[in-house]
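Per this note's numbering, residue 640 is the first one in the sequence shown, and the count goes up by one each step.
Using N, Cα and C, we set each Cβ at its ideal position, and we do this for glycine too.
Nothing here was measured: the structure is a model prediction, and the numbers come from that model.
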Amino acid sequence: MENRSARLAKKALSVVVSAAFLALTPGLGCYEAVAAVVRGQSGAVQAPVAVPGNLGGLLAAPSVSVGLKLSPAGLSSPVSALNAAIPVLAAPAAPVAQTLAPVAPAPQAAPVTAQQVLRIGAQQLSAAPSQEEKGAVLDQVYAGAAKSAAGSDAVSVPELSASAALTPTLSAPVSASRKSVSELQAVANDSARPFAERVEAVSAIAALATDEAKTSLKAIGQANPEGSAVDYEVKRKALRDLAGLGEVVSLPAVSRAHADDILKSLAADKPHAAIFDYDDTLERNQKRASPETAAALKAAADAGVETAVLTARSDRESDNLKGVTVLDSLSTLTPEQKAGLVVGSNRGARLLVFDQKGEPRLLSQAPAWTEAERSAIQEAAVIVRARYGEAMFEGKVGELTDWSYSYYLPVGLSAEDVRAAAQLLQSELAKRGLEREVSGRMAFNPRNPAYLVLAKIDKSYGVEQLRKNGDFFGRMQDVVQKLPGRLQGLGTKLVGLLPRSTAPASKTLLVGDHFFGSRVEDLNMTKGAPGALALAVGGVADPRTERVFVWPSKGHAATQEILGALAKKDAGGVDKKSLFGIFTSRTASIAAFFLTSTAYAFIAIPAVGLASYGALMALGPLAAIALGPVSGLLAKKLSARNAMALNTVFNIVLLLALPLMSAFGIVNFWTLLVASIGNGFVLSSVMTTEGIYIKRFSGKYLGTVNALTMIDYLSIQSLLGLILRAGRLTDYLQATVPHLLAPYLIAAGVNLLVVLPLIWKFVANTKAADGAPQGQKGQAVKTWAERIDGAKAFLKKYWKEALIFGASLALFPVLHTTIPAVLGLIYWVSRTEGFKVLWANKPLRYALLANSALALLAYPIQSFGLPLMAEALAGKAGKSMLLGQFLGALFFGQLISSTSQAQLSEIRIPFIGKVKVQRFIQAGVLALLGAWTFLTLAPGSILLAAAAAAAGAALMALTGRLTDRGWIKYVGAGLAFLGLPLLFWGNVPALFAAVLMMGMFLGPTYNALGTYFYKNIPAGKSEGTIAVRGSIFNGAISLGYAVMGLLTTTLHLAFPALLWPLAAAGLLVGLGFLFLPKLLPGLPDKALKDKQPDR
């Protein structure tokens, strides 16, 4: 059966390869360092293999980690603002304030549940390849902060059951019919068991709905007091199910270790906004802020967190029973300490900031009770008073303010009577058309009266206002603190015109003490930010609320811990000096590579002929596969500095090889082949080493750094090719001193005099494995012995395939094509265990085939077709300059889509607020587009340059909206531009546009397929699967070069006739990709992202 399956897989692969050979021809490129090692099931994890896009250059692609996801981030949409700009600012004593329209309650969509967080986390934990990455997953799971692309639906028990294979230790699901309550309780409390199994046990207990079940659920909710984040979610599940049976019990406090993990997360990944209750949270009830609280609030604001105090108390003395306002409590803060603070009084009905003197300035005010509402309250109160009576407390029996109503009941009423009084008042209000919740509260001191509380708004209103207008409040702080009084009115109007964005709920922190029972003042905050992290510092919290955690300490002591974490400066494990060295040295390398990439084809083709040039290009990726196992040796054995320096030395030697060959008159196919093999090894080693150490030096900012390396590569190539037109230098050098191969001499000089010193000066002399200074030899002998034994076992297993591959290589001198060798390699790969695992997984199979189709289309036109096109259009005199412009346009297209997808950090600009670094990069790209138009496409035309920049902005907006499904589905739109040169052959701007648009679509599509592939690799199968993907990828590239060689030599096609098969292939592939998403489950449901107002 196994042999039969293998034969079927082989036949299916043969059909695919044949179809690709007949229908698909090369196209534009997408860049990624790809792991490509042909091997069996065993062996060490191999480093990724980079494929040379141009055999004569230094770098063919930016050093990015496989699976890099450039998350899209389009321009933020303006959020519904306050009704109008506030024309005048005044102290609250005499406010001239904007009246806010009531904020409609946020739709109570189900937030991301803790169970979903744990399910996602468990999946990530299972897939994590190392202990360090498993630890990182756990760090994200503990606070329920995992992000789910699938939405925010609550996870049902059957859905949890689907995760029964999340960990290797997962046993069979628990059945309520086979286990007693005590046995189920033991399962739920067993921290060693998988989370899914534990929550199923809880659900099985709850399904019994007996008194014994309630007792058991309550016991589970209090078990494992020193437990982990997973234990806490089991407790939450148990207590929530208990509440469903009619008994509501508070969540217990998190363990000290759990709390410390939350603090670490807050320090490392700070929220956008942190909103604190005041009384019994920051300080004791109505007490003034201590010096510690004052300093902590300032430190949190200085750390970039939008810090706010949200209280039920007023900022006006007339609204407080005791006459103590929140401003009085904050009066101990200095003007400097108040500068970054926003205060929401009356539950957010009034929002204030402070000027440079520390005086409050009212920014917004919610509508107060209407006269009809006041009358309804007073009428309903009369009925309650008649039944239950009233009490005098501190000279008042209650008070009706602009946004609240309080009423004291006689001392001695029972809790049941207080609840009944609240229900009566609420019922009477409803009869009069006023739907508001009434809370009945018992006094802490039994000698004081109980009371009823009614509010026009609760704290959810204040949280919504703070989230939706946080950037506006920050701008207003700049206005009132930095502008003279006579300019503040104008400044207010101007900043009011700027768009406002909403802080994501997932990046909002809520801290308070009232989260349970009748005291839910702070629990209401969670309605204004569903899914926010809520920390209860009063000792209790409702288990039915997601992402709320009871803190192990209370009040002031707890908030000091939390504020301290927010203020903590976290370097994120970043080695800035080493990253500077890597970025500056690789930028110089990219510039040097540009010279060689515009020269190599025009050196090699005259020397060996077009057919042999195609063979050279096809054999390069095959060499990369063979050299893959040793490509990472330098990174493993040497320090970062020494490995990168040695790579640079190797590269210098190879760059000097061609000029030496030319000097001795031995530039021929075989010498160029040897050089290309050496270049393939060096390129692969450079990419692998950079990838390893960029990951090490970037810490938690790896995604940002990877995005910047991609943007750096594309920007340098675009700048040199389109604006500086550096290809002219190559044309000049080749015309004046052709035998010196001066571009290679210059590139060698740049590497020797610039790249090498930068690496030696700035890159750390530490090893990737342990971070220790270089000097530890390790166990090299044992390692090599293991490698030799592994090679013997490998050849013993695959000796037949090796013979077939060797025979196919031997056919090259006879047939003058590398197609047999490519097919022989693909056959060999198809016999490996890794391929069988991959081919049996349909999503991976289709992703692999799609990835290979793009690879087959990607490299050949860039390194084979574009040089021929440039020479056909420009002739020998200007071919390198035009080739450089083609390459620049290709990379510029990728730059447009990459910058719209990149997720980078933010910086704060006075009077504007937080702005993503991405926006500045996008502005630079648009400026580059305008300059290119002004200097080349439409020389001297400012109008057309502005129009080009506007078109670029529109493309950025569009590409920022596309999901991975959209890129995959509509990549044919980019491939369709292969036909544009057919219509406008000879029109260089039209050709530039065609290359640019293809690059814009192909880059993100390739990235989307790579991301999908890596996310869907089965647990424990990543090593062999990634190796197979890399091998097929390189094989597809080689096949593309071979097909291009046949088209140009055997069929004698030249441009523009060569465009016909290319356009046809692009059309076929585009049509195939239009239906591909149906075969890739797990992609986003929509091709376009929903507009997100969140920052």
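Worksheet entry | Beta-carbon proximity of V1556 to S1544, cut-off 8 angstroms | yes
Practice prompt. State the Cα-Cα distance for the pair S1323 and L1341, rounded to the nearest angstrom.
Written response: S1323 and L1341 have their C-alpha atoms roughly 21 angstroms apart.
Worksheet item: Exposed or buried, which one is W1478 when buried takes at least 16 other CB atoms within 10 Å?
Response: Flag for W1478 reads buried.
Fill in: P1620, enclosing alpha helix (DSSP H) - first and last residue
1619 to 1622
Worksheet entry | Sequence-distant residues of its chain with Cβ nearer than 6 angstroms to R1604 (five each side left out) | P1716, L1722, P1723, A1726
Worksheet item: Along the chain, where does the beta strand (DSSP E) that runs through A912 open and close?
Response: 912 to 915
Worksheet item: Is S1536 helix, strand or coil by DSSP?
Response: helix
Discussion item. Below 7 angstroms, is the gap between the Cβ of V948 and the nearest heavy atom of the ligand NAP?
Written reply: The model on display carries no ligand, and the ligand NAP is accordingly not part of it.
Discussion item. My assumption, with CB atoms under 8 angstroms, is that L972 sits in contact with G983. Please give the rounded CB distance.
Written reply: Rounded, the Cβ-Cβ distance is 16 angstroms, inconsistent with contact.
Worksheet item: If you pair each beta-carbon of the segment 1120 to 1136 with each one of the segment 1558 to 1566, do three or more pairs fall below 8 angstroms?
Response: no
Worksheet item: To which residues of the same chain is V1057 closer than 7 angstroms at the C-beta, ignoring the five residues directly before and after it?
Response: L1048, G1079, M1081, A1089
Item to complete: Kindly indicate the opening and closing residues of the alpha helix (DSSP H) around I1355.
Response: Per DSSP, I1355 belongs to the alpha helix (DSSP H) from 1341 to 1357.
Worksheet item: Can you list, in chain order, the stretches of the beta strand (DSSP E) that have 3 or more residues and sit fully within the segment 864 to 941?
Response: 912 to 915
Discussion item. Rounded to the nearest angstrom, what separates F993 and D967 at their Cα positions?
Written reply: 14 angstroms
Practice prompt. For S819, count neighbouring C-beta atoms within 10 Å of its own C-beta (all shown protein chains included) and say buried if the count is 16 or more, exposed if not.
Written response: Its Cβ having fewer than 16 others within 10 Å, S819 is exposed.
Practice prompt. Could you tell me if H897 is buried or exposed, where buried requires 16 or more neighbouring beta carbons within 10 angstroms of its beta carbon?
Written response: Burial state of H897 is buried, judged by a 10 Å Cβ sphere holding 16 or more other Cβ atoms.
Worksheet item: Do the CB positions of L1294 and N1390 come within less than 8 angstroms of each other?
Response: yes
Practice prompt. Please go through the same chain and pick out, in chain order, the residues whose beta-carbon is closer than 8 angstroms to the beta-carbon of N1655, but skip the five residues on each side of it.
Written response: Answer for N1655: N1480, P1482, L1483, A1486, G1721, listed in chain order.
Discussion item. Suppose the cutoff is 6 angstroms on Cβ atoms and the five residues either side in sequence are ignored; what does the same chain contact list for F1289 look like?
Written reply: Same-chain partners within the cutoff: V1321.
Discussion item. According to DSSP, is Y1437 part of a helix, a strand, or is it coil?
Written reply: coil
Worksheet item: What do you get for G1669, buried or exposed, if any count of 16 or more other CB atoms within 10 angstroms of its CB means buried?
Response: By the beta-carbon neighbour count (other beta carbons within 10 angstroms, threshold 16), G1669 is buried.
Item to complete: Pull up the distance between the alpha-carbon of A732 and that of A933, whole angstroms please.
Response: Model confidence at A732 stands at a pLDDT of 32, short of 50, so the residue's coordinates are unreliable; what they give is reported in the following sentence. Straight-line Cα distance between these residues: approximately 24 angstroms.
Item to complete: Please state whether DSSP places A672 in a helix, a strand or coil.
Response: Reliability fails at A672, whose pLDDT of 31 lies under 50, so the model's placement of it is uncertain and the value that follows must be treated cautiously. Reduced to three states, the DSSP call for A672 is coil.
Item to complete: Would you list the one or two residues that DSSP bridges to E1545?
Response: K1555
Discussion item. For L905, would you say it is in contact with chain C, using Cβ-to-Cβ distances shorter than 8 angstroms as the test?
Written reply: In summary, chain C is missing from the structure at hand, where a single protein chain is found.
Practice prompt. Starting from the Cα of S1301, find the closest Cα among L1710, P1377, V1077, A1696 and give me that residue.
Written response: P1377
Item to complete: Using alpha carbons as the reference points, say which of K1339, V1344, F1188, K1276 lies closest to F1222.
Response: V1344
Worksheet item: From L1297 to I1316, what does the alpha carbon distance come to, in whole angstroms?
Response: Looking at the two C-alpha atoms, the distance is approximately 13 angstroms.
Practice prompt. Just mark S1354 as buried or exposed, buried being the case when its beta carbon has 16 or more other beta carbons within 10 Å.
Written response: buried
Discussion item. For V1134 and V1119, which I take to be in contact (beta-carbon distance under 8 angstroms), what is that distance rounded to the nearest angstrom?
Written reply: The Cβ separation is near 11 angstroms, so there is no contact.
Item to complete: Taking 8 angstroms as the cut-off, decide whether the C-beta atoms of V1179 and V1187 are in contact.
Response: no
Discussion item. Quick check: the Cα distance between R1013 and R986, rounded to an integer number of angstroms?
Written reply: 19 angstroms
Item to complete: Mind listing, in chain order, the continuous alpha helix (DSSP H) runs of no fewer than 4 residues lying wholly within the segment 1460 to 1515?
Response: 1472 to 1479, 1481 to 1499
Worksheet item: What are the partner residues of A1175, as DSSP defines its beta bridges?
Response: G1151, V1189
Item to complete: Would you kindly work out how many angstroms separate the C-alpha atoms of L1278 and G1388, rounded to a whole number?
Response: The amino acid at residue 1278 is misidentified as Leu; the sequence shows Ser. Cα to Cα, the separation comes out at about 24 angstroms.
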